[in-house]
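Numbers in this note's numbering are just positions in the sequence shown, counted from 1, shifted up by 34. Beta carbons are placed, not taken as given, at the ideal position from N, Cα and C, and that holds for glycine. Single-structure report; data block below.
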Amino acid sequence: MTSREERSRAIRAAGWNLFSLHADDVLIDLLTDSGTGAMSRDQWAAIQHGDESYAGSPSWFVFLESVQELFPFRHVIPTHQGRAAEKILFSVIGGRGKVIPNNTHFDTTRANVEASGAEAVDLVIPEGRQPSLIHPFKGNMDVAALEALLRERGSDVPVVFVTITNNSGGGQPVSLRNLRAVREVCTRYGVPLFLDGCRFAENAWFVKTREEGQADRSIPDIVREFASLADGMTMSAKKDGLANIGGWLALNDDTWAEACRMLLILTEGFPTYGGLAGRDLEAIAQGLREVVTDDYLRYRIRSTAYLGEALDAAGVPVVRPIGGHAVYIDARAFLPHIPPLEYPGQALAVALYVEGGIRGCEIGTVMFGRHPDGSESPAAMDLVRLAIPRRTYTQSHVDYAIEVVRAVASRAGTLRGYRIVEQPAMLRHFTARFEPLG
Ligand SMILES: Cc1ncc(COP(=O)(O)O)c(C=O)c1O
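This is the structure:
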């Protein structure tokens, strides 16, 4: 436990950046759901089977089988986490003059596209940019906008990406129907389609419970249909792999796979372990079996909705419907007196920490407002994400978080904006230092 005074001192010392806090100074850590979950008994048991052979470890074949059971792509390339898969793929297929559409790129995805010299374009449906508007699949790609882009610049587009669920846009799902339509356009223009599959199981649960005609299908069956519509994927196993580390790149194209494996050996490791120990491969293989079960997913989606519905009932503006892995507070609506370039999301995230030791994550103008040429403009939305680590917190922890948000809401008008006093050239939200205005 920490006092308000201790937290005020800690956040000041951290340059008002929540990523720079000591985690010991955080009471309930909702910064991310990435790698922060609790592994199950069976995952810990699987770890004991880890075989650390450099090449051809039995743990690699357990991992490969588990991945291909859901995603039967020809090549599976293990990496230490999602961004390593992105870095390798975009180093091979990106580059100056290329453009890569996605429903919405997440931070590292956008940064890896841009680091290759290519342009990252977000084409989520317009409903996906309106926090309070209810729509069952707000992560859907705007198919007409995609087609217009391919018509105009098709030869510059090496791949189309779809992120399931759409993390930067509120953890919102993509429907099967939408993915089929995206596939059809990609096929017509001869462009491969890849999934950013981080939260594939949560997305499949939304398909099962919201999409017409899907209720009687099993989750693995729905996941396999998603995979069958794509030519490859990047994955962070720190999310729906239920592991603390890991990821992969999977694809069907032999030429791309060969080039990616060369980079893998250069930067991650031999192709049968990539960036991972044998024990990690075992933990992920078991996690993939657990994550597609109805009981787990029902609990997971319901417990996130519990937090979101309580905040909504308290009049706190949240992205609706509630997403899969997180509740997103609309900081622009919560703090209308703070303009986007004074970072309302940062102001709200800091206030939640000082009030009650809750650590959330700004997803807005701090994260996405700065462009490769150094210019700055407001992001599409200014959100604060309260991400729920998997199988970690109890309902009473969440009840406490609700009380803290309500307390901050009662004094919202007194919060002030921030300015950035130090920042790196890219991915600034991780290390920037801030100062309160006024
Ligand atoms: C949608 C999405 N893509 C990619 C990544 C990158 O994965 P990792 O953190 O394992 O590098 C993340 C992580 O938060 C994500 O949410």
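Check: Cβ-heavy atom distance between ALA235 and ligand 1 below 8 Å?
Finding: Not a single heavy atom of ligand 1 lies less than 8 Å from the C-beta of ALA235.
Next item on the list: Would you kindly report the start and end of the unbroken alpha helix (DSSP H) that includes LEU229?
Entry: Unbroken run through LEU229 is the beta strand (DSSP E), 227-230; no alpha helix (DSSP H).
Note to self: Given a cut-off of 9 Å on the beta-carbon distance, is the pair PHE240 and ILE335 in contact?
What the structure shows: Contact check for PHE240 against ILE335 passes: the beta carbons are separated by less than 9 Å.
Item checked: Separation of THR289 from ILE62, as counted between CA atoms -> Approximately 46 Å between the Cα atoms of the pair.
Notebook entry, point to check: Roughly how many angstroms lie between the CA atoms of ARG462 and PRO406, to the nearest whole one?
Noted result: One Cα belongs to ARG462, the other to PRO406, and the distance between them is close to 12 Å.
Next item on the list: Run through the stretch 210-289 for me and flag every whole beta strand (DSSP E) of 3 or more residues, listed as ranges in chain order.
Entry: List check, beta strand (DSSP E) in window: 227-230, 266-270, 281-285.
Next item on the list: Report whether the distance from the Cβ of GLU120 to the nearest heavy atom of ligand 1 is below 8 Å.
Entry: At a cut-off of 8 Å, the beta-carbon of GLU120 counts as near ligand 1: some heavy atom of the ligand is closer than that.
Check: In whole angstroms, what is the alpha-carbon distance linking SER68 and THR465?
Finding: Cα to Cα, SER68 sits roughly 18 Å from THR465.
Notebook entry, point to check: Apart from the five residues just before and just after LEU183, which ones in its own chain have a Cβ nearer than 8 Å to its Cβ?
Noted result: If we look at LEU183 and ignore the five residues flanking it on each side, its Cβ neighbours are VAL133, PRO135, VAL155, LEU157, VAL191.
Notebook entry, point to check: Would you say GLN206 touches ligand 1, meaning its beta carbon is less than 8 Å from a heavy atom?
Noted result: The answer is no for GLN206.
Checklist line | Residues near ARG390 in its chain [Cβ-Cβ closer than 6 Å; skip 5 each side] | finding: Here the sequence assigns Gly to residue 390, which means Arg is not the residue at that position. Counting only Cβ-Cβ distances below 6 Å, and skipping sequence neighbours, we find VAL438.
Check: Skipping 5 residues on each side, what residues in its chain have a beta carbon closer than 8 Å to that of ASP364?
Finding: Correct list, in chain order: PRO165, SER166, PRO351, VAL352, VAL353, MET415, ASP416, LEU417.
Notebook entry, point to check: Out of curiosity, what's the CA-to-CA distance linking ASP274 and GLY472?
Noted result: Their Cα atoms are separated by approximately 42 Å.
Next item on the list: Would you list the residues whose beta-carbon is nearer than 6 Å to any heavy atom of ligand 1, in the order they occur in the chain?
Entry: Checking every Cβ against the heavy atoms of ligand 1 under 6 Å gives SER68, GLN115, GLY116, ARG117, PHE140, THR142, THR143, THR197, ASN201, ASP230, CYS232, SER270, LYS272, GLY281.
Checklist line | Through-space distance from PHE124 to ASN174, alpha-carbon basis | finding: When rounded, the separation of the alpha-carbon atoms in ASN174 and PHE124 is 23 Å.
Check: Can you tell me whether DSSP reads VAL350 as helix, strand or coil?
Finding: Coil, per DSSP.
Next item on the list: Would you tell me roughly how many angstroms separate the C-alpha atoms of LEU449 and ASN212, rounded to the nearest one?
Entry: If you draw a straight line from the Cα of LEU449 to the Cα of ASN212, it is about 40 Å long.
Next item on the list: Indicate whether the contact test is met: 3 or more Cβ pairs, each with one atom in the stretch 380-388 and one in the stretch 197-206, closer than 8 Å.
Entry: With the cut-off at 8 Å, the stretch 380-388 and the stretch 197-206 do not touch.
Check: Thinking just about the alpha-carbon of each residue, which of GLN115, ILE454, ALA348, TYR333 is nearest to the one in THR428?
Finding: Selected option, being the one with the closest Cα: TYR333.
Next item on the list: Return the first residue and the last residue of the alpha helix (DSSP H) that LEU183 is part of.
Entry: 177-187 is the span of the alpha helix (DSSP H), which, as asked, contains LEU183.
Notebook entry, point to check: Can you list the alpha helix (DSSP H) stretches of 4 or more residues lying completely in the stretch 335-399, in chain order?
Noted result: 365-368, 378-390, all fully within the stretch 335-399.
Check: Are the beta-carbon atoms of PHE260 and ASP230 separated by less than 9 Å?
Finding: No; because the gap between Cβ atoms is not below 9 Å, this pair is not in contact.
Item checked: Per DSSP, cross-strand counterpart(s) of ILE454 -> Its beta-bridge partners are PHE468.
Check: Count the other CB atoms within 10 Å of the CB of HIS139; is the residue buried (16 or more) or exposed (fewer)?
Finding: Counting the other CB atoms within 10 Å of its CB gives HIS139 a total of 16 or more, which places it among the buried residues.
Next item on the list: Following the continuous beta strand (DSSP E) through ASP156, name the residue where it begins and the one where it ends.
Entry: Secondary structure note for ASP156: its beta strand (DSSP E) is the uninterrupted segment 153-156.
Item checked: Own chain residues within Cβ distance below 7 Å of HIS482, not counting five before or after -> Since the first residue of the chain shown is 35 and the last is 472, residue 482 is not available in this structure.
Margin query: If contact is defined by three or more beta carbon pairs under 8 Å, each pair taking one atom from either stretch, is the stretch 92-101 in contact with the stretch 319-327?
Written below: Yes, the stretch 319-327 is in contact with the stretch 92-101.
Item checked: Buried versus exposed, by CB contacts within 10 Å (16 or more), TYR452 -> Buried, because 16 or more other Cβ atoms sit within 10 Å of the Cβ of TYR452.
Next item on the list: Decide if the stretch 277-292 is in contact with the stretch 110-117; the criterion is three or more beta carbon pairs, one per stretch, under 8 Å apart.
Entry: Yes, the stretch 277-292 is in contact with the stretch 110-117.
Next item on the list: Hey, could you find the ends of the alpha helix (DSSP H) PHE124 is sitting in?
Entry: For PHE124, the enclosing alpha helix (DSSP H) starts and ends at 116-127.
Check: Ordered along the chain, which non-local residues of its own chain (more than five positions away) have a Cβ less than 8 Å from that of PRO374?
Finding: Same-chain partners within the cutoff: ARG366, GLY398, THR399, GLY403, PRO412, ALA413, ASP416.
Check: Do the stretch 288-304 and the stretch 242-256 meet, that is, are 3 or more Cβ pairs less than 8 Å apart?
Finding: Judged by pairs of C-beta atoms under 8 Å, the stretch 288-304 does not touch the stretch 242-256, as fewer than three such pairs exist.
Next item on the list: Return the residue from the list GLU456, VAL325, PHE228 that minimises the CA-CA distance to THR197.
Entry: Distances from the alpha-carbon of THR197 to those of GLU456, VAL325, PHE228 put PHE228 closest.
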